[in-house]
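For reference, the structure is listed below as structure tokens.
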Amino acid sequence: MTPIFKGTTAMLVGITILSVDALLIRLIEASGWTLLFWRGLLSALIIASFMMATRPAQTISALKKPSKALLVGSFAFSISTVCFVLSIDHTQVASTLIIINISPLISALLAFLFLKERVDSRTLIAIVAAMVGVGFVFYGKAMPTASFGNLMALITAFMLATYFVILRKSKSANAPLYLVLGGLCTSTISLFAGAEPFSLTPQEWKYTLLLCGVVVPISFVLISIGPKYLPAAHANLFMLLEAILGPLFVWAALGEVPSNNVLIGGGIVLLTLVVFTLTAAKKHRASNKKPS
Numbered sequence: 071m072t073p074i075f076k077g078t079t080a081m082l083v084g085i086t087i088l089s090v091d092a093l094l095i096r097l098i099e100a101s102g103w104t105l106l107f108w109r110g111l112l113s114a115l116i117i118a119s120f121m122m123a124t125r126p127a128q129t130i131s132a133l134k135k136p137s138k139a140l141l142v143g144s145f146a147f148s149i150s151t152v153c154f155v156l157s158i159d160h161t162q163v164a165s166t167l168i169i170i171n172i173s174p175l176i177s178a179l180l181a182f183l184f185l186k187e188r189v190d191s192r193t194l195i196a197i198v199a200a201m202v203g204v205g206f207v208f209y210g211k212a213m214p215t216a217s218f219g220n221l222m223a224l225i226t227a228f229m230l231a232t233y234f235v236i237l238r239k240s241k242s243a244n245a246p247l248y249l250v251l252g253g254l255c256t257s258t259i260s261l262f263a264g265a266e267p268f269s270l271t272p273q274e275w276k277y278t279l280l281l282c283g284v285v286v287p288i289s290f291v292l293i294s295i296g297p298k299y300l301p302a303a304h305a306n307l308f309m310l311l312e313a314i315l316g317p318l319f320v321w322a323a324l325g326e327v328p329s330n331n332v333l334i335g336g337g338i339v340l341l342t343l344v345v346f347t348l349t350a351a352k353k354h355r356a357s358n359k360k361p362s
């Protein structure tokens, strides 16, 4: 498996799993802070348990002397999680997802500024094409201006971009630990903000355990692997898929039929990702064949 294929597979599977995130958040009627407490704590405990079982010495060493990248990246991930849930709670899902999808552009800019990672024309074209697809999905939908939810979505986009760039800079070293520390930070913030952890109904417990114990840890572990093999902007580009798959899962579960714009926009995004990945893999193979 080439690095491009490994990174692409990890991102595609991770994003597909993550795409039920917004649906589950909508189904859980508890306060956002209560959900955030369990989202942070449960995912952190599950990932930490896995790491201690598979790489105990490396995990303990990294936690005893955490790097600056680990601390900053974990904080960025935590803030992105908090702001995402608050955004979903305070504005339309469509508004949240379309704003978050400026993240690849922010990621490309940050990677250029801090990693000196050149953004080639192929990547820029792919980002623009994918953004057109996402824009097509939400064409005609009015977004509330200056709303708290939209502001939270904007901060989410910036923090996700920061998280991806830091992962790329560190080559995803100890990537799951970002999720562990970020999750603990999230649960701590939410507890002080007024979370009521044991106020969930039996039905909400089912959705919360599915979201926080399965969807979040598995998806973000896979997504954290992507930047090890892919440039930051390339890896972040796959996050656009959530804006397409998210509404489709809502349609399947709640009966909200996607419009023609969703289908057309989704096709544009998927085609962009397929073409971009195939050309990137072809370029990678060609560069490897060049004599040293």
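So the sequence shown is numbered by our numbering: it starts at 71 and just counts up by one.
The C-beta atom is built at its ideal place from N, Cα and C for all residues, glycine as well.
Since this is a predicted model, take the numbers as computed values, not measurements.
- With a contact defined as Cβ atoms closer than 8 Å, residue 293 and residue 84 qualify at about 4 Å.
- Fewer than three pairs of CB atoms, one per stretch, sit closer than 8 Å, so the segment 228-243 makes no contact with the segment 95-102.
- Across the structure, residue 284 and residue 87 are spaced so that their CA atoms are roughly 9 Å apart.
- Your pair residue 311 and residue 339 checks out as a contact, with CB atoms roughly 6 Å apart and the cut at 8 Å.
- Taking the C-beta atoms as reference points, residue 291 is found no nearer than 9 Å to residue 109.
- Ranked by Cα distance from residue 341, the options 352, 237, 277 and 202 are led by 202.
- Apart from sequence neighbours up to five positions away, the residues of its chain that approach residue 251 with a beta-carbon distance below 6 Å are 144, ordered along the chain.
- With contacts defined by Cβ atoms closer than 9 Å, residue 315 and residue 117 do not form a contacting pair.
- The beta carbon of residue 225 lies closer than 6 Å to those of 153 in the same chain, with the five residues before and after it left out.
- Put simply, the segment 172-179 touches the segment 191-201. At least three CB pairs are less than 8 Å apart.
- A distance of 9 Å or more separates the beta carbons of residue 163 and residue 345.
- Relative to the Cα of residue 160, the nearest Cα in the group 219, 296, 136 and 119 belongs to 219.
- Apart from the 5 residues on each side of it in sequence, residue 112 sits with its Cβ closer than 6 Å to the Cβ of 282 and 283 in its chain, given in chain order.
- Judged by beta-carbon spacing, residue 158 lies beyond the 9 Å limit of residue 309, meaning their Cβ atoms are not closer than that value.
- A Cβ-Cβ separation of about 4 Å places residue 106 in contact with residue 260 under the 8 Å criterion.
- Look at the segment 166-208 and you find these whole runs of alpha helix (DSSP H), each 4 residues long or longer: 173-184 and 191-207.
- If you check the CB distance, residue 120 and residue 297 do not come in under 9 Å.
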